[in-house]
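In my numbering, the protein residues as written are 19 to 150.
Given below as structure tokens:
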């Protein structure tokens, strides 16, 4: 939820849980206060690529073979995922895309087209029980 303080600055009120629609509205309200508004789709894609690179760097530092240099700033995977989410929401908002609908479409695809693609845990447990 967004609100203004005495200095007329936008301040984010952190709530424990938000719907994707609430997050999209929050980002839209934040971006809407600036004359420039959303970047173009191509610029947004470049931003997303940039943030993905930063996320990849953090994953490599924490889970890969390349430790951080002592002089490098401490970032976290959580912070980089947050940056990715913000840019993704900006991208969707700029194109008028409802991310809830996008999520529903992809889940429909996975639960129909790919429903038998992976071994379900209960099937694996049944197979293990047969061997005893």
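Even glycine gets a Cβ: it sits at the ideal position worked out from N, Cα and C.
Every value quoted in this text rests on a predicted model; they were computed, and no experiment measured them.
Residue i to residue j span [Cα, whole Å]
i: residue 117; j: residue 60; result: 19 Å
i: residue 67; j: residue 107; result: 14 Å
i: residue 83; j: residue 36; result: 36 Å
i: residue 48; j: residue 54; result: 12 Å
i: residue 77; j: residue 123; result: 28 Å
i: residue 71; j: residue 86; result: 15 Å
i: residue 144; j: residue 88; result: 50 Å
i: residue 130; j: residue 115; result: 23 Å
i: residue 132; j: residue 125; result: 10 Å
Expected contact under 8 Å - CB spacing of residue i and residue j to nearest Å
i: residue 120; j: residue 56; result: The pair is not a contact, with the Cβ atoms about 17 Å apart (cut-off 8 Å).
i: residue 109; j: residue 62; result: 4 Å
Exposure of residue i, with buried meaning 16 or more beta-carbon neighbours within 10 Å
i: residue 140; result: exposed
i: residue 81; result: exposed
i: residue 45; result: buried
i: residue 146; result: exposed
Sequence-distant residues of the same chain with beta carbon closer than 6 Å to residue i, five excluded per side
i: residue 69; result: 101, 102 and 105
i: residue 38; result: 117 and 118
i: residue 98; result: 72, 73 and 76
i: residue 128; result: none
Beta-carbon proximity list for residue i, same chain, < 7 Å, skipping 5 on both sides
i: residue 65; result: 57 and 105
i: residue 79; result: 85 and 86
Between the stretch 90-104 and the stretch 119-136, are three or more C-beta pairs nearer than 8 Å?
Contact between the stretch 90-104 and the stretch 119-136 is absent: fewer than 3 CB-CB pairs across the two stretches fall below 8 Å.
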